[in-house]
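Visitor: Chain order of the listed sequences is B and S.
With our numbering, the residue at position 175 of the first sequence is 175, and numbering never jumps.
Just add 1000 to the spot in the second sequence (first one is 1) and you have our numbering.
Protein chains: 2
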Amino acid sequence: MAPTQTGSARVRVAVPSVAERVAEELRYQLAEGMLLPGARLTEATIAEDLGVSRNTVREAFAELASERLVVRQPNRGVFVATLEAGDIHDLYTVRRAIEVSSIRGGGSAERVAAVRAAVDEGKRAAAADDNDALGSANQHFHGAIVALAESKRLDTIMRHVLAEMRLYFHKATSDAHFYSAWLEENEAICAALEAGELERAGELLLGYLNRSEEQQLTVHGE
Amino acid sequence: MAPTQTGSARVRVAVPSVAERVAEELRYQLAEGMLLPGARLTEATIAEDLGVSRNTVREAFAELASERLVVRQPNRGVFVATLEAGDIHDLYTVRRAIEVSSIRGGGSAERVAAVRAAVDEGKRAAAADDNDALGSANQHFHGAIVALAESKRLDTIMRHVLAEMRLYFHKATSDAHFYSAWLEENEAICAALEAGELERAGELLLGYLNRSEEQQLTVHGE
DNA sequence: ATCGAAGAATCGTTGAACAATTCGACAATG
DNA sequence: CATTGTCGAATTGTTCAACGATTCTTCGAT
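What follows is the structure in structure tokens.
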């Protein structure tokens, strides 16, 4: 069927393991708000629901715990992570570190184009008045900024941070006017990036993150 | 015995689970060079060696894999992570992001004192001509810099990065004169930090990281 | 020397089992 | 009434044995 491996590195087809599919499913439910912070995840129940063995569920839990989406309490069980004092600040501290650093380093034309694409995606979502899509676009925007650095490790860190934020800030800011403000900021940041004014882009981004943190801090009980 | 819970949050005694102790043991062996990059870790063997079940070993592997210390190859097994093209640059990209960001934010007097303590630790190790201790001191120094930010998440990221570096650069630079150069730089960085010249401290640190990356790139085959 | 097929080794996953721990209810005590 | 102690149910942590699937190795045939 397939011609004999021409050139491209042999790619393992790598069907995701059952444990990974379980983790993926749970990640999905966490992002969609089907599993809310504090909820208990009983091994046996989930194993039965998903038709897998308890051990497999445990492996999935280990993965999610390493991403801070769930918390293991010894001998008590696994719970969906809850927002504790300082967590918001903590998350934004990570974002400031890696996003600002990434944008200050600039990036290839393709990567910059990806940032621009995310901005446009946001504009289209705004035009369509699709709040959900707007939220996604915003995450794509910030993901694209980190992607400028072309660092596997920073990318996964950012992926984890964004997953946490989806969990905590789930539908928190369904207020439309928040997003429109973001849009303008994103546009400005992107423009500075495209113009090669990296220092300024970094400042703008930093300002955005600080304001965003402030906002989340007031929305959630300090 | 203990007075009735005065103030401090209730702390779970939390005996580390068997899986965590296995992970800890493996982490130790990885840091000490008993397990070299590329080595295969057979589940059954390790389970028998440590007197635990195969499933427990698997849980430990999941943890180590999330820290990038080992790599899982589906249906083939777990191998100690090997340095691939771009990994050195990648690691330093993460370090630049979080270390520079942390030092630019300054920190409490205690945290700054901890940085100073790490510098002194390095000086003592140098005086004692203890190369091993010198390496540790250097890691403590950079860990203390990240700790300035008082961010759980940045701390664990840094812990993982340093663990990776211990794995890869194990005894690579046992050349003593490398370390003495570090010492002076660390002193200068710490001095700037103590003087509140955060911008300059950040520049110094950035310069150090760039040079250090350069060095590692030449030592290891580009 | 190349190729392919049989056999061994190892992984992925399941299912069952059991001790240890936690939790909830309920009774006993002061 | 609040505290303490006890019992039983539920759940976790861990082990063990099993089996199909995949990979590695060996070895013989071409």
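Note that CB positions come from ideal geometry on N, CA and C, so glycine has one too.
In this text, all values refer to a predicted model and were calculated from it rather than measured experimentally.
Run down chain S in chain order and give the residues with a C-beta less than 8 Å from the C-beta of E213 (chain B).
Guide: If you number the first sequence from 1, residue 213 (chain B) lands on position 213. Within 8 Å Cβ-Cβ: nothing; E213 (chain B) doesn't reach chain S, min ~13 Å.
Visitor: Taking 8 Å as the threshold, find out whether the stretch 194-210 of chain B comes into contact with the stretch 99-110 of chain B through three or more Cβ pairs.
Guide: Yes, since at least three Cβ pairs between the stretch 194-210 of chain B and the stretch 99-110 of chain B fall closer than 8 Å, the two stretches touch.
Visitor: Counting only beta-carbon separations shorter than 8 Å, does S62 (chain B) have a partner in chain S?
Guide: Position 62 of the first sequence, counted from the start, is the residue given in the question as residue 62 (chain B). Note that residue 62 (chain B) is Ala in the sequence shown here, rather than Ser. Yes, A62 (chain B) counts as interfacial toward chain S.
Visitor: How many Å lie between E1024 (chain S) and Q215 (chain B) at the Cα?
Guide: Indexing the second sequence from 1 puts residue 1024 (chain S) at position 24. Indexing the first sequence from 1 puts residue 215 (chain B) at position 215. Each residue's alpha carbon lies about 40 Å from the other.
Visitor: Give the range of the alpha helix (DSSP H) segment to which R1096 (chain S) is assigned.
Guide: For the purposes of this step, residue 1096 (chain S) is taken as the residue at position 96 of the second sequence. Where R1096 (chain S) is concerned, there is no enclosing alpha helix (DSSP H), given that its DSSP letter is neither H nor E.
Visitor: Which of helix, strand or coil does DSSP assign to G1143 (chain S)?
Guide: Taking the second sequence and counting its residues from 1, one reaches residue 1143 (chain S) at position 143. Here G1143 (chain S) sits in helix by DSSP.
Visitor: Determine the closest residue to E213 (chain B) out of B:E110, B:T93, B:L167, B:T82, with distance taken between C-alpha atoms.
Guide: Counting from 1 along the first sequence, the entry for residue 213 (chain B) is found at position 213. Residue B:T93 is the option with its Cα nearest to E213 (chain B).
Visitor: Check whether chain S comes within 8 Å of I189 (chain B), counting only Cβ atoms and requiring the distance to be less than that.
Guide: Here residue 189 (chain B) refers to the residue found at position 189 of the first sequence. No, its Cβ sits nowhere closer than 8 Å to a Cβ of chain S.
Visitor: What do you get for V78 (chain B), buried or exposed, if any count of 16 or more other CB atoms within 10 angstroms of its CB means buried?
Guide: Translated into the one-based positions of the first sequence, residue 78 (chain B) becomes position 78. Label assigned to V78 (chain B): buried.
Visitor: Just confirm the distance between the C-beta atoms of A144 (chain B) and A114 (chain B), as a whole number of angstroms; I'd bet it's less than 8 Å.
Guide: If you number the first sequence from 1, residue 144 (chain B) lands on position 144. If you number the first sequence from 1, residue 114 (chain B) lands on position 114. At roughly 5 Å, the Cβ-Cβ gap stays under 8 Å, so A144 (chain B) and A114 (chain B) are in contact.
Visitor: Any idea if A192 (chain B) is buried or exposed, counting beta-carbon neighbours within 10 angstroms, 16 or more meaning buried?
Guide: Numbered from 1 along the first sequence, position 192 holds the residue referred to as residue 192 (chain B). Answer is buried; the Cβ neighbour count reaches 16.
Visitor: Since I1088 (chain S) meets chain B, which of its residues come closer than 9 Å, beta carbon to beta carbon?
Guide: On the second sequence, residue 1088 (chain S) is found 88 positions in, with the first residue counted as 1. The contacting residues do not exist; I1088 (chain S) stays about 12 Å from chain B at best.
Visitor: For the beta strand (DSSP E) that F79 (chain B) lies in, which residues bound it at each end?
Guide: Numbered from 1 along the first sequence, position 79 holds the residue referred to as residue 79 (chain B). Taken as a continuous stretch (DSSP letters only), the beta strand (DSSP E) holding F79 (chain B) covers 77-80.
Visitor: Go to V70 (chain B), then tell me how far its beta strand (DSSP E) extends in each direction, as first and last residue.
Guide: One-based indexing of the first sequence puts residue 70 (chain B) at position 70. Its beta strand (DSSP E) spans residues 70-73.
Visitor: Using beta carbons (cut-off 8 Å, strictly below), is A44 (chain B) in contact with chain S?
Guide: In the first sequence, counting from the first residue as 1, residue 44 (chain B) sits at position 44. False, the Cβ-Cβ gap to chain S never drops below 8 Å.
Visitor: With a threshold of 8 Å between beta-carbons, can A1201 (chain S) be considered close to chain B, or not?
Guide: By 1-based counting over the second sequence, the position of residue 1201 (chain S) is 201. With 8 Å as the cut-off, A1201 (chain S) does not count as an interface residue toward chain B.
Visitor: Which residues in chain B have a C-beta closer than 7 Å to the C-beta of N1055 (chain S)? List them in chain order.
Guide: As a first step, residue 1055 (chain S) must be located in the second sequence, where it is residue number 55. In chain order: N55.
Visitor: Along chain S, in chain order, which residues have C-beta atoms closer than 7 Å to that of K152 (chain B)?
Guide: Along the first sequence, read from residue 1 onward, the residue named residue 152 (chain B) stands at position 152. Those are D1090, listed as they occur along chain S.
Visitor: Is there at least one Cβ from chain B nearer than 8 Å to T1082 (chain S)'s Cβ?
Guide: Counting from one through the second sequence, the residue named residue 1082 (chain S) turns up at place 82. Not closer than 8 Å to any Cβ of chain B, the Cβ of T1082 (chain S) fails to qualify, so no.
Visitor: Residues of chain B with CB closer than 8 Å to the CB of A1149 (chain S), please, in chain order.
Guide: For the purposes of this step, residue 1149 (chain S) is taken as the residue at position 149 of the second sequence. Ordered by position in chain B, the residues that pass the 8 Å Cβ test against A1149 (chain S) are T93, A97.
Visitor: Decide yes or no for the touch test of the stretch 1135-1152 of chain S against the stretch 1105-1125 of chain S: beta carbon pairs closer than 8 Å, at least 3 of them.
Guide: Because the criterion of three Cβ pairs below 8 Å is met, the stretch 1135-1152 of chain S and the stretch 1105-1125 of chain S touch.
Visitor: Evaluate E1063 (chain S) with the Cβ neighbour count: other Cβ atoms within 10 Å of its Cβ, from every protein chain shown; 16 or more gives buried, anything less gives exposed.
Guide: Counting from one through the second sequence, the residue named residue 1063 (chain S) turns up at place 63. Looking at its Cβ environment, which holds 16 or more other Cβ atoms inside 10 Å, E1063 (chain S) is buried.
Visitor: Check whether chain S comes within 8 Å of E59 (chain B), counting only Cβ atoms and requiring the distance to be less than that.
Guide: Here residue 59 (chain B) is taken as the residue at index 59 of the first sequence, counted from 1. With 8 Å as the cut-off, E59 (chain B) counts as an interface residue toward chain S.
Visitor: Between L1041 (chain S) and the rest of its own chain, which residues show a CB-CB distance below 6 Å, the 5 nearest in sequence each way excluded?
Guide: To locate residue 1041 (chain S), count along the second sequence from 1; it is residue 41. Result list for L1041 (chain S): V1078, in chain order.
Visitor: Of all Cβ atoms in chain S, is any one closer than 8 Å to the Cβ of P3 (chain B)?
Guide: Along the first sequence, one-based indexing puts residue 3 (chain B) at 3. Confidence at P3 (chain B) is low in this model, with a pLDDT of 34, below 50, so its placement is unreliable and no value can be given for it.
Visitor: Under 7 Å between beta-carbons, which chain B residues line up against S1108 (chain S)? List them in chain order, please.
Guide: For this step, residue 1108 (chain S) is matched to residue 108 along the second sequence. The premise fails here: S1108 (chain S) is roughly 14 Å from chain B at the closest Cβ pair, so nothing lies under 7 Å.
Visitor: To the nearest angstrom, how far is the alpha carbon of L183 (chain B) from that of L1026 (chain S)?
Guide: Here residue 183 (chain B) refers to the residue found at position 183 when the first sequence is read from its first residue. Here residue 1026 (chain S) refers to the residue found at position 26 when the second sequence is read from its first residue. Those two C-alpha atoms are separated by around 47 Å.
Visitor: Is there at least one Cβ from chain S nearer than 8 Å to P74 (chain B)'s Cβ?
Guide: Within the first sequence, numbered from 1, the residue matching residue 74 (chain B) stands at position 74. Yes, P74 (chain B) counts as interfacial toward chain S.
Visitor: Which bits of chain S does I157 (chain B) rub up against, with CB to CB less than 7 Å?
Guide: Walking along the first sequence from the start, residue 157 (chain B) turns up at place 157. Correct list: I1157.
Visitor: I need the straight-line Cα distance from E185 (chain B) to I1088 (chain S), nearest angstrom please.
Guide: In the first sequence, residue 185 (chain B) corresponds to position 185, counting from 1. In the second sequence, residue 1088 (chain S) corresponds to position 88, counting from 1. So the alpha carbons of these two residues sit roughly 34 Å apart.
Visitor: For G86 (chain B) and A1126 (chain S), what's the separation of their Cα atoms in angstroms?
Guide: Working through the first sequence from its first residue, we reach residue 86 (chain B) at position 86. Working through the second sequence from its first residue, we reach residue 1126 (chain S) at position 126. Spanning the two alpha carbons is a distance of roughly 38 Å.
Visitor: Quick one: is R1211 (chain S) buried, meaning 16 or more other Cβ sit within 10 Å of its Cβ, or exposed?
Guide: By one-based count along the second sequence, residue 1211 (chain S) stands at place 211. R1211 (chain S) is exposed by the Cβ-count criterion.
Visitor: Going by DSSP, name the residue or residues bridged to R40 (chain B).
Guide: If you number the first sequence from 1, residue 40 (chain B) lands on position 40. Answer is B:F79, bridged to R40 (chain B).
Visitor: Where does the unbroken alpha helix (DSSP H) through A85 (chain B) begin, and where does it stop?
Guide: Here residue 85 (chain B) corresponds to residue number 85 of the first sequence, with the count starting at 1. Unbroken run through A85 (chain B): none, as it is neither H nor E.
Visitor: Taking the alpha carbon of G1202 (chain S) as the reference point, which residue from S:A1163, S:A1181, S:M1165, S:H1142 has its own alpha carbon closest?
Guide: In the second sequence, the residue the question calls residue 1202 (chain S) occupies position 202. For G1202 (chain S), the nearest C-alpha among the options comes from S:H1142.
Visitor: Report the CB separation of V1057 (chain S) from E1043 (chain S) in whole angstroms; it is logged as a contact under 8 Å.
Guide: Along the second sequence, one-based indexing puts residue 1057 (chain S) at 57. Along the second sequence, one-based indexing puts residue 1043 (chain S) at 43. At roughly 5 Å, the Cβ-Cβ gap stays under 8 Å, so V1057 (chain S) and E1043 (chain S) are in contact.
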